[in-house]
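When you read off a place in the sequence shown, starting at 1, and then add 170, the result is the number in my numbering.
A short worksheet on the structure shown next.
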Amino acid sequence: MSLHVDNESYLSWLRKKVGSDLLLSPSVAAVIHDNEGKLLLQEKSSGEAWSLPAGGIELGESPQEAIVREVMEETGYAVRIHSILGVFGGRSFRYTYPNGDRVEYVVTLFQCIIIGGSGVPADSETKSIQYFGRHDMPELALPYPKDDLFRAF
Numbered sequence: 171m172s173l174h175v176d177n178e179s180y181l182s183w184l185r186k187k188v189g190s191d192l193l194l195s196p197s198v199a200a201v202i203h204d205n206e207g208k209l210l211l212q213e214k215s216s217g218e219a220w221s222l223p224a225g226g227i228e229l230g231e232s233p234q235e236a237i238v239r240e241v242m243e244e245t246g247y248a249v250r251i252h253s254i255l256g257v258f259g260g261r262s263f264r265y266t267y268p269n270g271d272r273v274e275y276v277v278t279l280f281q282c283i284i285i286g287g288s289g290v291p292a293d294s295e296t297k298s299i300q301y302f303g304r305h306d307m308p309e310l311a312l313p314y315p316k317d318d319l320f321r322a323f
């Protein structure tokens with residue numbers, strides 16, 4: 171059975187089977203700092219809250235491959251993984267999308283370093299990307315501890 175018909179993601183395929191019910195989603199997110207220690211965030215086109223560059227792991231894809239792909243798609247930057255900062259999940263990592271889809275993320279948080287790219291997002295999910303300091307960043311869609319987001323710098 172092929173799950174990637176017409177480049178459909180695993181999550182899209184699964185959603186067709188279960189509708190908007192709560193799903194557990196293995197995911198990745200990137201912590202990327204500029205030279206001043208500011209954190210790169212993504213503003214979603216859909217009007218959702220700001221987030222780290224992040225996304226779901228596809229079938230057959232390693233978490234490391236997923237984070238490199240997601241960062242490129244959402245920011246236009248090529249990255250190298252520096253370290254894993256933590257793994258987060260549980261009830262506080264549940265999210266309901268504007269369309270009613272519910273998900274509980276299990277997120278591997280990677281510290282990444284930009285090694286190239288344009289900084290121009292390759293997908294339509296991103297409205298803009300911007301760096302923020304610890305005390306001026308907007309609230310994120312998921313409750314990552316700020317100490318974990320800024321300790322890596």
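The C-beta atom is built at its ideal place from N, Cα and C for all residues, glycine as well.
For clarity, every value in this text was computed on a predicted model and none was experimentally measured.
Exposed unless 16 or more other CB atoms sit within 10 angstroms - verdict on residue i
i	result
Val-257	exposed
Ile-285	exposed
Tyr-267	exposed
Ala-200	buried
Gln-300	exposed
Leu-319	buried
Glu-309	exposed
Glu-235	exposed
DSSP beta-bridge partners of residue i
i	result
Thr-278	Val-198 and Val-257
Endpoints, the alpha helix (DSSP H) within which residue i is located
i	result
Ala-236	233-245
Tyr-180	180-188
Leu-319	316-320
Residue span of the beta strand (DSSP E) that contains residue i, given as start and end
i	result
Phe-263	That residue, Phe-263, is in no beta strand (DSSP E); it is neither H nor E in DSSP.
Leu-210	209-214
Ser-298	296-302
Ala-224	224-226
Closest Cα partner of residue i within the set the options
i	options	result
Glu-273	Phe-280, Arg-264 and Leu-279	Per the sequence shown, the amino acid found at residue 273 is Val instead of Glu. Measuring from the Cα of Val-273, the nearest candidate turns out to be Arg-264.
Ser-216	Thr-296, Phe-302, Tyr-180 and Arg-321	Thr-296
Heavy atom of the ligand NAP within 8 Å of residue i beta-carbon
i	result
Ile-227	Inclusion of the ligand NAP in the displayed structure is not the case, the ligand content being empty and no account of it being possible.
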